[in-house]
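Numbered by my numbering, the letters in the sequence shown go through residues 8 to 73 in order.
Here a beta-carbon is modelled for each residue, glycine too, at the ideal position from N, C-alpha and C.
None of these values were measured; they are calculated from a predicted model.
Beneath this line is the structure, given in C-alpha cells, with notes to follow.
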Amino acid sequence: MAVRAHAALLAALARTGAPAADGELEFAARLAQADPAATNALAAWLERAPVPATPAEAGAGEDGAR
C-alpha cells in the first residue's frame with residue numbers, strides 16, 4: 008500500500024509542474040511509509056487542485072519571484 012501511495016503522490020506532484028532538485032521529494036517516501044492513507048489523500052487533493060497555466064497565475068511576478 009505504501010508503494011502505491013508513494014507513486015500516486017509523485018505522479019500528482021509531477022502534474023503540478025513544480026521543479027524539484029535531487030533529494031527534494033524524499034519526504035514523499037517517508038510520508039507514504041508513515042501513513043499511506045494520508046499520502047493517498049494528499050495525492051487526491053493535488054489531482055483536484057487546478058494547475059496554473061503560467062507563473063503569473065501562480066502568484067509570481069514578471070521575474071518569476073513570489
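Through-space distance from residue j to residue i, alpha-carbon basis
i, j, result
"H13", "A19", "10 Å"
"R73", "A25", "Confidence at R73 is low in this model, with a pLDDT of 47, below 50, so the placement of that residue is unreliable and no value is reported for it."
"Q40", "A9", "5 Å"
"N47", "L17", "10 Å"
"A27", "L53", "16 Å"
Residue j beta carbon less than 8 Å from that of residue i
i, j, result
"A50", "A15", "yes"
Per-residue DSSP class, three states only, for residue i
i, result
"R73", "Unreliable positioning characterises R73 in this predicted model, as indicated by a pLDDT of 47, which lies under 50. The coordinate reading is nonetheless provided below. Three-state DSSP puts R73 in coil, outside helix and strand."
"V58", "coil"
"A27", "coil"
"L32", "coil"
Proximity to residue i [Cα-Cα], best of the options
i, options, result
"R11", "A27, L38, R22", "L38"
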